[in-house]
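Engineer: In UniProt numbering, the protein residues as written are 1 to 292. Below are the structure tokens for one structure; questions will follow.
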């Protein structure tokens, strides 16, 4: 049932609004199913410590005994200031929000992509809003982001009143490149990682230079919880990007949360790549910042 004009949901995706209107059942992963085998990531020591909520894990360096490492997670707290965050929210709210799936709203700036058929076109993409330019400029101050060329920027709003969430997924590997970037605004939240146990055809994983270690028994791995403090920067790459699905539980949205997600191209769309011509057109537009 396509409810895109009613609430933004499609297929099996649901929100509080369409669940109430059409009697639909929420089929997303339940947080309660994950609690018993979970670890919380600590940005200070780059290790995951046994626990569920950030508050359940002792503050660095006084953690418990059981830990493990997941490669490919970078968190920078206070990436933007409180004043910058407040100003940014006001700017985003001055622009129209579009309905999206699972109780979210969005503002999307980037090329139009069909991941299933692996087609991309420029569409009406003409760059990014001027009021967000300072974030992309600040990327250059972070070592892991110095050469980052944004080609998609998407604002996402999560509202507990709509039952907002995002289902487990890996970002497409045909068009979106190595670093998956999020700037978290307005409220603290948590990103959850679950070990992927499908095959390499899903998410176009076989296009990745990274060789995913696809597992058949996900339950042998713990759930990883990554705190995303307000105004922080999160980057997923390598193992965390390609071998783990990421999601946000309804239970972790307790107040309005807005994030800005950034994506870069895969090598196929860059110089000497198979889709270099298409990539150049997008990159040319991605260097523009327009006044709203």
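From the three backbone atoms N, C-alpha and C, an ideal C-beta is built for every residue, glycine too.
1. Is DSSP giving residue 138 helix, strand or coil here?
2. So, for residue 181: in the same chain, excluding its five sequence neighbours on each side, which residues have a beta-carbon less than 6 Å away from its beta-carbon?
3. Rank 122, 257, 128 and 60 by C-alpha distance to the C-alpha of residue 287 and give the top, closest one.
4. Which residue wins for smallest C-alpha separation from residue 231, given the options 9, 70, 249 and 135?
5. Quick one, are the C-beta atoms of residue 254 and residue 225 less than 8 Å apart?
6. If you check the beta carbons only, do residue 8 and residue 99 fall under 8 Å apart?
7. Where does residue 56 fall in DSSP's three states?
8. What first and last residue would you give for the beta strand (DSSP E) that runs through residue 245?
9. Cutting at 6 Å between CB atoms, please list the residues of its own chain near residue 188, excluding the five before and the five after it.
10. When you compare only the Cα positions, how much space is there between residue 19 and residue 41?
11. I need the straight-line Cα distance from residue 63 to residue 55, nearest angstrom please.
12. Can you grab the Cα-Cα spacing for the pair residue 57 / residue 271, in whole Å?
13. Just curious, the alpha helix (DSSP H) that residue 286 is in, first and last residue?
14. Mapping DSSP to helix, strand and coil, what is residue 37?
15. Mind the definition here: the stretch 113 to 124 touches the stretch 241 to 250 only if three or more C-beta pairs lie below 8 Å; say whether that holds.
16. Under 8 Å by Cβ, that's how I've got residue 258 and residue 185 pegged, so tell me the actual separation to the nearest angstrom.
17. Assuming residue 149 and residue 264 make a contact with CB atoms under 8 Å, what is their CB distance in whole Å?
Structural biologist: On the basis of the coordinates in this document:
1. DSSP places residue 138 in the helix class (H, G or I) of the three-state scheme.
2. Excluding sequence positions up to five before and after residue 181, its CB lies within less than 6 Å of the CB of 235 and 262, all in the same chain and listed in chain order.
3. Nearest neighbour of residue 287 by Cα position, chosen from 122, 257, 128 and 60, turns out to be 128.
4. For the set 9, 70, 249 and 135, the Cα lying nearest the Cα of residue 231 is the one of 135.
5. Cβ atoms of residue 254 and residue 225: not closer than 8 Å.
6. Between residue 8 and residue 99, the CB-CB gap stays under 8 Å.
7. In the structure shown, the three-state DSSP call for residue 56 is helix.
8. 244 to 248 is the extent of the beta strand (DSSP E) around residue 245.
9. Around residue 188: 229 and 230.
10. When only Cα atoms are considered, residue 19 and residue 41 end up about 33 Å apart.
11. The straight-line gap from Cα to Cα measures roughly 12 Å.
12. Inter-residue distance for residue 57 and residue 271 is about 45 Å (C-alpha atoms, whole angstroms).
13. Element bounds for residue 286: 276 to 286.
14. Looking at residue 37 - three-state DSSP - the assignment turns out to be helix.
15. Segments in contact, no.
16. Between residue 185 and residue 258 the Cβ distance is about 4 Å, and since that is below 8 Å, they are a contact.
17. Confirmed, about 6 Å.
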